[in-house]
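*Asks:* Which chain is which? The protein sequence lines are A and B, in order. If you're matching positions, the first sequence starts at 1 in the working numbering and goes up one per residue. If you're matching positions, the second sequence starts at 1 in the working numbering and goes up one per residue. Even glycine gets a Cβ: it sits at the ideal position worked out from N, Cα and C. I have a structure here, written as structure tokens, and I will follow up with some questions on it.
There are 2 protein chains.
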Amino acid sequence: MHDEGYAAATSRQIAARAGVKQALVYYYFPTMDDLFLEVLKAGADTALAQMRTALTADDPIRALWTISSDPRRTVLNTEFMALANHRKAIGSELKSYAERVRDIETAAVTMVMRANGVDLNAYPPVAIAMLIAQIARSLGNEATVGVTEGHEELRALVERHLALLSAPTPSVRG
Amino acid sequence: MHDEGYAAATSRQIAARAGVKQALVYYYFPTMDDLFLEVLKAGADTALAQMRTALTADDPIRALWTISSDPRRTVLNTEFMALANHRKAIGSELKSYAERVRDIETAAVTMVMRANGVDLNAYPPVAIAMLIAQIARSLGNEATVGVTEGHEELRALVERHLALLSAPTPSVRG
DNA sequence: GTCTATATAGGGATAGAC
DNA sequence: GTCTATCCCTATATAGAC
Numbered sequence: 001m002h003d004e005g006y007a008a009a010t011s012r013q014i015a016a017r018a019g020v021k022q023a024l025v026y027y028y029f030p031t032m033d034d035l036f037l038e039v040l041k042a043g044a045d046t047a048l049a050q051m052r053t054a055l056t057a058d059d060p061i062r063a064l065w066t067i068s069s070d071p072r073r074t075v076l077n078t079e080f081m082a083l084a085n086h087r088k089a090i091g092s093e094l095k096s097y098a099e100r101v102r103d104i105e106t107a108a109v110t111m112v113m114r115a116n117g118v119d120l121n122a123y124p125p126v127a128i129a130m131l132i133a134q135i136a137r138s139l140g141n142e143a144t145v146g147v148t149e150g151h152e153e154l155r156a157l158v159e160r161h162l163a164l165l166s167a168p169t170p171s172v173r174g
Numbered sequence: 001m002h003d004e005g006y007a008a009a010t011s012r013q014i015a016a017r018a019g020v021k022q023a024l025v026y027y028y029f030p031t032m033d034d035l036f037l038e039v040l041k042a043g044a045d046t047a048l049a050q051m052r053t054a055l056t057a058d059d060p061i062r063a064l065w066t067i068s069s070d071p072r073r074t075v076l077n078t079e080f081m082a083l084a085n086h087r088k089a090i091g092s093e094l095k096s097y098a099e100r101v102r103d104i105e106t107a108a109v110t111m112v113m114r115a116n117g118v119d120l121n122a123y124p125p126v127a128i129a130m131l132i133a134q135i136a137r138s139l140g141n142e143a144t145v146g147v148t149e150g151h152e153e154l155r156a157l158v159e160r161h162l163a164l165l166s167a168p169t170p171s172v173r174g
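Now the structure itself:
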């Protein structure tokens, strides 16, 4: 899926890469949909675990920013988003995963913003959390197709604002 | 592509929807890759034209925000991003399109920020342009899979900042 | 320009031997 | 658990009639 897209992730290709025969795929997964779902769940669980660990880091928000920036993750995310457009089961799983991710990010952002005395009404943590995660993903997505225009500038801008949230300092303006 | 993903956009399906026979597709497009490329180019040209028109609007940045938010566009964009992962021709076309879009957005943002007396070094227009476009796309992408958590809050936050850029007023903080 | 028909390839999935 | 063999379907693409 990562290298050639979901359409190339066929039972035969997968079996070949695993060094087994095609029929064996259907021994473990009744249908290809089940296989895709398991791949999604496994990846999601790994990502969620990483994110929960990030919550205990010195700089939780930067840790979440780094995780969300991972190009491997952004590429697969795009593939699953495309898959979700026409496979309901993938769609609902992706949705529940996205919501759990957002909850974790929001918790981290809330914690840090509170510690920094930021006005939580003016800057709702859930909005800031989404901002951070989606900007990271966008940079990854664009870099994948070779677009880098404005990346340096945006990265610098984000870094400056992340710095404001890395240590308890007053009067942060978002 | 919009309804069922690029993998379902086969010569047969396309012919059926067009009310013609499958072979006719190959009369107009030598290969499916050529067809995908033409769809991308046509959509890109339309979008670019809309964006250039937006530059002359009363509130150019909000106009660009609206265009980038269009769910039809975000869905197709995701499909093409996924396609680009394994089709070089799509990838390079998507890249050149993304860069032209960014240039237009940057021009609009530069113009408005200058009129508002915003510090262009502290807030590079290209970064703000990317921010606006990608947030809009992210909201569209997530809405497509049914995720809406934090959307209202983020939308309000964006609206507040867009308002700062809609009329020439001093002391904008981004 | 649009069609029918077909070549060739590969897909998902199952049956049944070992 | 892993294999071989196979069914059936659909894909891209081409040939050639009209």
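How is M130/A classed by DSSP in three states: helix, strand or coil?
*Replies:* In the structure shown, M130/A sits in a helix (DSSP, three-state: H, G or I).
*Asks:* Can you look up E152/B in the DSSP assignment and give me helix, strand or coil?
*Replies:* The answer is helix: DSSP assigns E152/B an H, G or I state.
*Asks:* Quick one: does P124/B have its CB under 8 Å from some CB of chain A?
*Replies:* Taking Cβ atoms only, chain A reaches closer than 8 Å to P124/B, which makes this a yes.
*Asks:* Pull up the distance between the alpha-carbon of Y26/B and that of T74/B, whole angstroms please.
*Replies:* Distance between the alpha carbons of Y26/B and T74/B: 28 Å.
*Asks:* I believe L37/A touches E93/A by the beta-carbon criterion, under 8 Å. Please report the beta-carbon distance rounded to the nearest angstrom.
*Replies:* At roughly 6 Å, the Cβ-Cβ gap stays under 8 Å, so L37/A and E93/A are in contact.
*Asks:* So, is E159/B buried or exposed, given that buried needs 16 or more other C-beta atoms within 10 angstroms?
*Replies:* It counts as exposed.
*Asks:* So is G5/B buried or exposed if we call it buried at 16+ other beta carbons inside 10 Å?
*Replies:* Result: buried.
*Asks:* Taking the straight line between their C-alpha atoms, what separation do you get for A108/B and S68/B?
*Replies:* For A108/B and S68/B, the distance between alpha carbons rounds to 14 Å.
*Asks:* With DSSP collapsed to three states, give me the class of E79/B.
*Replies:* Three-state DSSP puts E79/B in a helix.
*Asks:* Hey, out of L164/B, A82/B, A127/B and A156/B, whose CA is closest to R155/A's CA?
*Replies:* Ranking L164/B, A82/B, A127/B and A156/B by Cα distance to R155/A puts A127/B first.
*Asks:* Is it right to say A121/B is buried, meaning 16 or more other beta carbons lie within 10 angstroms of its own, or is it exposed?
*Replies:* Checking the sequence shown, residue 121/B turns out to be Asn, not Ala. The residue in question, N121/B, is exposed, as its Cβ has fewer than 16 Cβ neighbours within 10 Å.
*Asks:* How would you list, in chain order, the residues of chain A whose beta-carbon sits under 7 Å from the beta-carbon of K95/B?
*Replies:* Result: V145, G146 and V147.
*Asks:* Determine the chain B residues that contact R102/A at a beta-carbon separation under 8 Å, and present them in chain order.
*Replies:* Neighbours of R102/A on chain B, chain order: V147, E149 and G150.
*Asks:* From T46/B, F29/B, L48/B and V118/B, pick the residue whose C-alpha is nearest to that of L165/B; which is it?
*Replies:* Nearest C-alpha to L165/B: V118/B.
*Asks:* Whole angstroms is fine: what's the gap from L162/A's alpha carbon to N77/A's?
*Replies:* Rounded to whole angstroms, L162/A to N77/A spans 24 Å at the Cα level.
*Asks:* Locate the alpha helix (DSSP H) running through S68/B, then write down its first and last residues.
*Replies:* S68/B -> alpha helix (DSSP H) spans P60 to S69.
*Asks:* Ends of the alpha helix (DSSP H) at A91/A?
*Replies:* First, the amino acid is wrong: residue 91/A is Gly here, not Ala. Segment K88 to A115, the alpha helix (DSSP H) holding G91/A.
*Asks:* Within 10 angstroms of the Cβ of S96/A, are there 16 or more other Cβ atoms? Answer buried if so, exposed if not.
*Replies:* That one is exposed.
*Asks:* Taking only the alpha-carbon atoms, compute the straight-line gap between E152/A and R100/B and give it to the nearest angstrom.
*Replies:* Rounded to whole angstroms, E152/A to R100/B spans 18 Å at the Cα level.
*Asks:* Mind reading off the beta-carbon distance from A129/A to T106/A? Whole number of angstroms is fine, and I expect it under 8 Å.
*Replies:* Right, the Cβ-Cβ distance comes to about 4 Å (below 8 Å), so this counts as a contact.
*Asks:* What would DSSP say about M32/B, mapped onto helix, strand or coil?
*Replies:* The answer is helix: DSSP assigns M32/B an H, G or I state.
*Asks:* Would H86/A and A8/B be called neighbours here (beta carbons separated by less than 8 Å)?
*Replies:* The answer is yes: Cβ separation under 8 Å.
*Asks:* Between G140/A, Q134/A and T144/A, which lies nearest to N141/B when the distance is taken from Cα to Cα?
*Replies:* N141/B has its Cα closest to that of Q134/A, out of G140/A, Q134/A and T144/A.
*Asks:* Cβ atoms of V145/B and A84/A: under 8 Å apart, would you say?
*Replies:* Closer than 8 Å, so yes.
*Asks:* Cβ of M130/B less than 8 Å from any chain A Cβ?
*Replies:* Yes, its Cβ sits closer than 8 Å to a Cβ of chain A.
*Asks:* Sort I61/B, M1/B and F29/B by Cα distance to R17/B and report the nearest one.
*Replies:* Of the listed residues, the one whose Cα sits closest to R17/B is M1/B.
*Asks:* Residue range of the alpha helix (DSSP H) that S166/A falls in?
*Replies:* Counting along the chain, S166/A falls outside any alpha helix (DSSP H), and DSSP gives it neither H nor E.
*Asks:* Roughly how many angstroms lie between the CA atoms of P60/A and K21/A, to the nearest whole one?
*Replies:* Whole-angstrom Cα-Cα distance: 44 Å.
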